[in-house]
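There are 2 protein chains.
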Amino acid sequence: MSGLNVSPEIERLISLLAKLPGLGPRSARRAALDLLKKPDALMRPLSLALGEAAERISTCRICGNVDSRNPCHICTAPGRDKSIICVVQDVADLWAMERASAFKGQYHILGGTLSALDGIRPEDLNIAALIERASDPDLKEVILAMNATVDGQTTAHYITDHLSGTGVSVSRLAHGVPVGGELDYLDDGTISTAMKSRRPF
Amino acid sequence: MSGLNVSPEIERLISLLAKLPGLGPRSARRAALDLLKKPDALMRPLSLALGEAAERISTCRICGNVDSRNPCHICTAPGRDKSIICVVQDVADLWAMERASAFKGQYHILGGTLSALDGIRPEDLNIAALIERASDPDLKEVILAMNATVDGQTTAHYITDHLSGTGVSVSRLAHGVPVGGELDYLDDGTISTAMKSRRPF
Chain B
0 MSGLNVSPEI ERLISLLAKL PGLGPRSARR AALDLLKKPD ALMRPLSLAL GEAAERISTC
60 RICGNVDSRN PCHICTAPGR DKSIICVVQD VADLWAMERA SAFKGQYHIL GGTLSALDGI
120 RPEDLNIAAL IERASDPDLK EVILAMNATV DGQTTAHYIT DHLSGTGVSV SRLAHGVPVG
180 GELDYLDDGT ISTAMKSRRP F
Chain X
0 MSGLNVSPEI ERLISLLAKL PGLGPRSARR AALDLLKKPD ALMRPLSLAL GEAAERISTC
60 RICGNVDSRN PCHICTAPGR DKSIICVVQD VADLWAMERA SAFKGQYHIL GGTLSALDGI
120 RPEDLNIAAL IERASDPDLK EVILAMNATV DGQTTAHYIT DHLSGTGVSV SRLAHGVPVG
180 GELDYLDDGT ISTAMKSRRP F
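Chains as they are written, first to last, in numbering that gives the first Met the number 0: chain B, 0 to 200; chain X, 0 to 200.
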């Protein structure tokens, strides 16, 4: 922030805000000013919320979700199906699933995907715990809900290989035309997959 | 955040982050997750920085700047010219001026512009204090550095009217082609202003 003639408290606030994803130096300055204009309505509450979250939130030792309880409230919810695990890359994907309300089982968060390019190996991900969970005789199905990218699918294949022989059935999300999507804007891979996987009407 | 099955601490954090300018609901979720992944590197430091700023930063009673000192470090700097005041709309504009290092006098922050549409009247802005400062016999010049918008220029005219008779000379920033700007991308108003205000080469 050289050249910005401000007090060290403001400089520090701006440089920390600029580390948030989605905020660059300019938007961090805007956010800092907005916060400074609303000390009681926004700055103090946000400070408290961050402090509380840092204090209380931990990573669930079963599934890898972030929650104030450990095991998390999804792992311990009595109404959720314990016989089915949906494997996702990241907590953001768990949130996306929960928003869609399309799944009432358990989750398992890998914390990323295998990637030769970024040097991410199976032991860097939360895979061993998943294979251990698969040895539970009550578990019937594992749904692989990784992103439909090369790394996501590589990871899915790796997990499928390591779950074979456990007696658990492994499935993946369907590929096809997004609901509300227009064919003209879709890539060829999606269209040909949707064509191959066509269903009776 | 309905449908997002998270603990209240995370929900509260997301809803506060979403109030920052430049962050919508999706980017607030991303920022919250990023913070939760870096409790010690980012979440606690940001909480502390916000708390400290809320505690220590106030609005300068002379110029309206935000600073940990009051009067602010610009108003009290011994090396800065006390005979000239640059009037800006907002603290962000003061920061922009300081980044450019083009001015070594005092500032006065209006806190906005007059706006019939938004119902912002002269008494809603920091104008009375400016006129009082103009009665200082040491003051020689007031530079009006409002944005080159209709509201900015209306405000500039209003202030000019109220400073007439104080003996202070009033100036405004030059209009013209931005340095590095291409004529083809400029609006007609800027080009014709630059043409009228042309300078000998």
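We treat Cβ as the ideally placed atom computed from N, Cα and C, and that holds for glycine. Keep in mind that this is a model prediction, so the values were computed, not measured.
- Neighbours of Asp123(X) in chain B, taken as residues at a C-beta separation under 7 Å, are lacking, since the least C-beta distance is about 14 Å.
- The beta carbon of Ala30(B) is closer than 7 Å to those of Leu16, Leu22 in its chain, skipping five residues each way along the sequence.
- For Glu51(B), the C-beta contacts it makes with chain X under 9 Å involve Glu8, Arg11, Leu12, Ser46, in order along the chain.
- At a cut-off of 9 Å between C-beta atoms, Gly21(B) counts as an interface residue with respect to chain X.
- DSSP links Gln152(X) through a beta bridge to no other residue.
- Ser191(B) has a beta carbon lying at 9 Å or more from every beta carbon in chain X.
- With a minimum length of 4 residues, the unbroken runs of alpha helix (DSSP H) contained wholly in the segment 52-90 of chain B fall at 72-75.
- When DSSP states are grouped into helix, strand and coil, His174(B) belongs to the coil group.
- Among the residues of chain B, those whose CB is under 7 Å from the CB of Lys18(X) are Leu41, following chain order.
- Contact between the segment 165-174 of chain B and the segment 142-150 of chain B is present, with at least three C-beta pairs closer than 8 Å.
- By the criterion of at least three beta-carbon pairs nearer than 8 Å, the segment 102-114 of chain X is in contact with the segment 70-90 of chain X.
- At a cut-off of 9 Å, the C-beta of Asn146(X) has no neighbouring C-beta in chain B.
- Between Arg98(B) and the set Arg25(X), Thr189(X), Pro20(X), Asp187(X), the nearest pair of CA atoms involves Arg25(X).
- Per DSSP, the continuous beta strand (DSSP E) segment holding Glu140(X) begins and ends at 140-143.
- Identification of residues in the segment 143-174 of chain X having a C-beta nearer than 9 Å to some C-beta of chain B yields an empty set.
- As the crow flies, the alpha-carbon of Thr154(X) is around 13 Å from that of Gly118(X).
- Only Val90, Ala91, Trp94, Glu97, Arg98, Ser100 from the segment 83-110 of chain X bring a Cβ to less than 7 Å from some Cβ of chain B.
- Non-local C-beta neighbours of Cys59(B) in its own chain, meaning closer than 7 Å and more than five positions away in sequence, comprise Asp66, Asn69, Pro70, Cys71, Cys74, ordered along the chain.
- The beta carbon of Gly175(X) lies closer than 8 Å to those of Thr189, Thr192, Ala193, Ser196 in the same chain, with the five residues before and after it left out.
- Of Ser114(X), Gly63(X), Glu8(X), the smallest CA-CA separation from Val90(X) is found for Gly63(X).
- For Ser191(X), the secondary structure class from DSSP, reduced to helix, strand or coil, is helix.
- DSSP places Ile130(B) in the uninterrupted alpha helix (DSSP H) bounded by 126-132.
- Within 10 angstroms of the beta-carbon of Ala133(B) lie 16 or more other beta-carbons, which makes it buried.
- If you draw a 10 Å sphere on the C-beta of Ala40(B), you find fewer than 16 other C-beta atoms in it, and that means exposed.
- Judged by DSSP secondary structure, Ile108(B) falls within the beta strand (DSSP E) whose first and last residues are 105-108.
- In the three-state reduction of the DSSP assignment, Ser114(B) falls in the strand class.
- Leu32(X) reaches chain B at Pro20, Val65, Asp89, Val90, Ala91, Trp94, counting residues in chain order whose Cβ is nearer than 9 Å.
- For Ser26(B), the three-state secondary structure derived from DSSP is helix.
- Between Ile130(X) and Leu109(X), the C-beta spacing is not below 9 Å.
- By the Cβ-count criterion, Pro44(X) is buried, with 16 or more other Cβ atoms from all chains shown falling within 10 Å of its own Cβ.
- Cβ neighbours of Leu12(B) within its own chain (closer than 6 Å, five residues either side excluded): Ala31.
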